[in-house]
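Residue numbers (full-length UniProt numbering): 1 to 99.
Spelled out as structure tokens, the structure:
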């Protein structure tokens, strides 16, 4: 009597690991690019150029504040990728122990 092969419970653990690694690398790259952009805007000169005569624009003469939203989004994306990577690794570990 032959026994049927037992179906694998977590077939997508490899996909989870690959997707988690990709999203983590993407988030870290995004965060580093946003950090470099924020540093560049912080180093740029603080005064704004003067406008030509008879041109109206609603700007102030204060320096622009660097935008750190991209940095936080990159860190959040890296954290989500790390969680997906850990879930994939844990499901692969569990399925390997039960097999």
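All C-beta atoms in this analysis are idealised placements derived from N, C-alpha and C, irrespective of residue type, glycine included.
All values derive from a computational prediction rather than experimental measurement.
It is roughly 12 Å from the alpha-carbon of residue 32 to the alpha-carbon of residue 24. Beyond the five residues adjoining it in sequence on each side, residue 76 comes within less than 8 Å, by CB distance, of 27 in the same chain, given in chain order. A direct Cα-Cα distance of roughly 14 Å separates residue 20 from residue 29. In the DSSP assignment, residue 93 falls within the alpha helix (DSSP H) that extends over 69 to 98.
In the three-state reduction of the DSSP assignment, residue 22 falls in the helix class, which pools H, G and I.
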